[in-house]
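J.: One structure, as structure tokens, below. Some questions next.
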Amino acid sequence: MGAMTSSMAAKFAFFPPNPPSYQVVVEEVIGKLTMTGVVNRGNADVLKLATERGNQVVAVYFRNPEAKLTMLYSHGNAADLGQMYDLFSELSLHLRVNLMGYDYSGYGQSTGKPSEQNTYADIEAAYRCLLEKYGAKEEDVILYGQSVGSGPTLDLATRLPRLRAAVLHSPIMSGLRVMYPVKRTYWFDIYKNIDKIPIVNCPVLVIHGTADDVVDWSHGKQLWEHCKEKYEPLWIKGGNHCDLELYPQYIKHLKKFISAIEKWPYQRKVSGTFKDQPDNNPRKSTDVRDTSRSSTDQKDRPRPSTGHREMPRASTDRREKSRTSVDRRDKLIKSVDRSEKAGNATDQPEKARNSIDRLVTFQLAKTFLSTIILLFLYSSVPALAAHFCRIVFLDSWN
């Protein structure tokens, strides 16, 4: 019965763009994989990775010659690599990190169907590739999870004791908690992040918009409160679920975080909060607008490891419309320009953008999912159906 409810939940948690925004083709001369629908960059590799659950997922790896760290990015529930490609490229450039992004099973040109367990296998395959193909070390990897991507990100982080850091962008406490404000974790829930984050050993940065109408800001705050190693969070005033990268403070705070994490061996922990030492030797920036930079910063049972170095192994947020990657890239660049040219940051995005989530679709999905679960339980175990009603519709308001 648990598998069935998880399967039903998956139907409302994953919305892969249809049709996919890209194709993967092989260059005949050199036999290299490339993507259509994007401007392929010389510093990017397109890969197909086999997962332990029998699927093949597409990934893209961006190199930065000045990178000291590598970021593994798990995107949201209604985007694919074609739509994220330019954003990934810009983040690699401005944060000075190597960056790998990947599509979940059933997304883009990845095979299989999206599910909670498949996303765990998908991120595991991407992480294993970083170790084996690119020589990354566990202690030099930063996991980044956006929305539904916070699920596989935290699942992997629980089994990486030497992980450098994690970033949670508009994260969820759990799938059920997105739909109903329940106070406990139940067997039919998915992505039980609130139970996993206390056993993550690395510093965690949480980013959330205060006006998020898909995943309430309280999710980010609760996850941050349960962190073992807290880094100064970024609460973006007025930020919604899908526009945070348009605010100047987004890239500015990420840069500060990366700078602090690079000096990690020299960090000190103060009352459970991760803070950085003054930077007497700021790095030379690869961004022509940034001449110098100094940091001012301050459960599920783990599954057996299947890779090196104790190798570990979305969200129920609303369906999002397809994004235009070029627009997203241009807006990020403008956001970076403004944050570095201006002496003070603004709380407003540099350009207004409509939310790419649909409230009506989400509310209908929530109601339909609850109805299906109730019908299934009532036909099987009427008493259990009554219990479900009580915990979801009554306990949530206690």
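At position 110 of the sequence shown the residue is numbered 109 (numbering that gives the first Met the number 0), and the sequence of numbers has no breaks.
Glycine included, each C-beta is placed from N, C-alpha and C at the ideal position.
Evaluate K254 with the Cβ neighbour count: other Cβ atoms within 10 Å of its Cβ, from every protein chain shown; 16 or more gives buried, anything less gives exposed.
T.: As a working note, residue 254 is residue 255 in the sequence shown. Under this definition K254 is a buried residue.
J.: Buried or exposed, going by whether 16 or more other CB atoms sit within 10 Å of the CB of T35?
T.: What you label residue 35 is simply residue 36 of the sequence shown in a count that begins at 1. Classification for T35: exposed.
J.: DSSP has A120 in a bridge; who is on the other side?
T.: By 1-based counting over the sequence shown, the position of residue 120 is 121. A120 is not bridged to any residue.
J.: Have a look at the DSSP bridge pairing and note the partners of S73.
T.: As a position in the sequence shown, residue 73 is number 74, starting the count at 1. G144.
J.: Got a sec, what are the start and stop residues for the alpha helix (DSSP H) P19 sits in?
T.: Counted from its first residue, the sequence shown places residue 19 at position 20. That residue, P19, is in no alpha helix (DSSP H); it is neither H nor E in DSSP.
J.: List, from N- to C-terminal side, the beta strand (DSSP E) runs of 3 residues or more that fit wholly inside the stretch 53 to 105.
T.: Runs of beta strand (DSSP E) with 3 or more residues, each lying fully within the stretch 53 to 105, are found at 55 to 61, 69 to 73 and 97 to 101, listed in chain order.
J.: Return helix, strand or coil for P202, following the three-state DSSP convention.
T.: Position 203 of the sequence shown holds residue 202. Strand.
J.: Is the beta carbon of L98 sitting closer than 8 Å to the one on S104?
T.: Working through the sequence shown from its first residue, we reach residue 98 at position 99. Working through the sequence shown from its first residue, we reach residue 104 at position 105. No, the pair does not count as a contact, with Cβ atoms beyond the cut-off.
J.: Measuring only the C-alpha atoms, how far is I29 from A66?
T.: Here residue 29 is taken as the residue at index 30 of the sequence shown, counted from 1. Here residue 66 is taken as the residue at index 67 of the sequence shown, counted from 1. So the alpha carbons of these two residues sit roughly 27 Å apart.
J.: Ignoring anything shorter than 4 residues or poking outside the stretch 161 to 230, list the alpha helix (DSSP H) runs there in chain order.
T.: 174 to 178, 192 to 195 and 216 to 224
J.: Go ahead and pull the three-state DSSP assignment for K136.
T.: As a working mapping, residue 136 is identified with position 137 in the sequence shown. If DSSP states are grouped into helix, strand and coil, K136 belongs with coil.
J.: When the Cα atoms are used, what is the spatial distance from A43 to L86?
T.: Taking the first residue of the sequence shown as 1, we reach residue 43 at position 44. Taking the first residue of the sequence shown as 1, we reach residue 86 at position 87. A43 and L86: Cα-Cα distance of roughly 13 Å.
J.: Would you decide whether S294 is buried or exposed? Buried here means 16 or more other CB atoms lie within 10 Å of its CB.
T.: As a working note, residue 294 is residue 295 in the sequence shown. With a pLDDT of 37 at S294, under the threshold of 50, the modelled position of this residue cannot be trusted, and the question is left open.
J.: Helix, strand or coil for A12 per DSSP?
T.: As a working note, residue 12 is residue 13 in the sequence shown. Three-state result, A12: helix.
J.: Are there 16 or more other CB atoms within 10 angstroms of the CB of P16, so buried, or fewer, so exposed?
T.: Along the sequence shown, one-based indexing puts residue 16 at 17. It is buried - the Cβ of P16 has at least 16 other Cβ atoms within 10 Å.
J.: Between R40 and A135, what straight-line distance do the alpha-carbon atoms span, to the nearest angstrom?
T.: In the sequence shown, counting from the first residue as 1, residue 40 sits at position 41. In the sequence shown, counting from the first residue as 1, residue 135 sits at position 136. The straight-line gap from Cα to Cα measures roughly 21 Å.
J.: Can you name the residues that DSSP bridges to K47?
T.: Here residue 47 corresponds to residue number 48 of the sequence shown, with the count starting at 1. In DSSP, K47 forms a bridge with V57.
J.: Which of the three DSSP states, helix, strand or coil, is assigned to L153?
T.: Taking the sequence shown and counting its residues from 1, the one referred to as residue 153 is at position 154. The answer is helix: DSSP assigns L153 an H, G or I state.
J.: With I29 as the anchor, note down where its beta strand (DSSP E) starts and where it stops.
T.: Taking the sequence shown and counting its residues from 1, one reaches residue 29 at position 30. That residue, I29, is in no beta strand (DSSP E); it is neither H nor E in DSSP.
J.: Using the three-state DSSP reduction, which class does L159 fall into: helix, strand or coil?
T.: As a first step, residue 159 must be located in the sequence shown, where it is residue number 160. Coil, per DSSP.
J.: Out of A58, Q108, S114 and I141, point me to the one whose CA is closest to P18's CA.
T.: On the sequence shown, position 19 is the one that residue 18 refers to. P18 has its Cα closest to that of Q108, out of A58, Q108, S114 and I141.
J.: On the CB-based measure, 16 or more other CB atoms within 10 Å of its CB, does P197 come out buried or exposed?
T.: Working through the sequence shown from its first residue, we reach residue 197 at position 198. Around the C-beta of P197, fewer than 16 other C-beta atoms lie within 10 Å, and the residue is accordingly described as exposed.
J.: Within 10 angstroms of its Cβ, does A12 collect 16 or more other Cβ (buried), or is it exposed?
T.: Here residue 12 refers to the residue found at position 13 when the sequence shown is read from its first residue. Buried, by the Cβ-count rule.
J.: By the 10 Å Cβ neighbour count, where 16 or more other Cβ atoms means buried, how is E224 classified, buried or exposed?
T.: What you label residue 224 is simply residue 225 of the sequence shown in a count that begins at 1. Burial call: exposed.
J.: Can the beta-carbon of E123 be found less than 8 Å from the beta-carbon of G150?
T.: Residue numbering aside, residue 123 sits at position 124 when the sequence shown is read from its first letter. Residue numbering aside, residue 150 sits at position 151 when the sequence shown is read from its first letter. Their beta carbons are not under 8 Å apart, which means E123 does not touch G150 by this criterion.
J.: Please say whether S73 and G403 have beta carbons closer to each other than 8 Å?
T.: Nothing can be reported for residue 403, as the shown portion of the chain is limited to 0 through 397.
J.: So, are the CB atoms of L243 and I206 less than 8 Å apart?
T.: For the purposes of this step, residue 243 is taken as the residue at position 244 of the sequence shown. For the purposes of this step, residue 206 is taken as the residue at position 207 of the sequence shown. Contact check for L243 against I206 passes: the beta carbons are separated by less than 8 Å.
J.: If we count the other Cβ atoms within 10 Å of its Cβ and call it buried at 16 or more, is V25 buried or exposed?
T.: Along the sequence shown, read from residue 1 onward, the residue named residue 25 stands at position 26. Flag for V25 reads exposed.
J.: Considering only C-alpha positions, which residue in the set P180, S20, N239 and Y190 is nearest to Q82?
T.: Numbered from its first residue, the sequence shown carries residue 82 at position 83. The shortest Cα separation from Q82 among P180, S20, N239 and Y190 belongs to S20.
J.: Roughly how far, in whole angstroms, is the beta-carbon of C128 from the beta-carbon of A165, given that I think they are within contact range, below 8 Å?
T.: Within the sequence shown, the letter at position 129 stands for residue 128. Within the sequence shown, the letter at position 166 stands for residue 165. Actually they do not touch by this definition, with Cβ atoms about 19 Å apart.
J.: Taking the alpha carbon of I235 as the point to measure from, which residue in H252, L222 and K229 has its own alpha carbon closest?
T.: Within the sequence shown, the letter at position 236 stands for residue 235. Of the candidates H252, L222 and K229, the one whose C-alpha sits nearest the C-alpha of I235 is H252.
J.: Taking Cβ positions, are H240 and S169 nearer each other than 8 Å?
T.: Here the question's residue 240 lines up with position 241 in the sequence shown. Here the question's residue 169 lines up with position 170 in the sequence shown. Cβ atoms of H240 and S169: closer than 8 Å.
J.: Tell whether a beta-carbon distance below 8 Å holds between L167 and G144.
T.: Residue 167 sits at position 168 when you count from the first residue of the sequence shown. Residue 144 sits at position 145 when you count from the first residue of the sequence shown. Yes, the Cβ-Cβ distance between L167 and G144 is below 8 Å.
J.: Can you find the residues in the same chain that come closer than 6 Å, C-beta to C-beta, to N54, ignoring five residues on each side of it along the sequence?
T.: As a first step, residue 54 is located in the sequence shown; it is residue number 55 there, counting from the start. Taken in chain order, the residues that qualify are S104, T110 and G111.
J.: My understanding is that I141 touches H218, with C-beta atoms under 8 Å, so please give their C-beta distance in whole angstroms.
T.: Along the sequence shown, one-based indexing puts residue 141 at 142. Along the sequence shown, one-based indexing puts residue 218 at 219. Not a contact, Cβ separation roughly 21 Å.
J.: CA-CA distance, S146 and L222?
T.: Translated into positions along the sequence shown, residue 146 becomes position 147. Translated into positions along the sequence shown, residue 222 becomes position 223. Roughly 13 Å separates the two Cα atoms.
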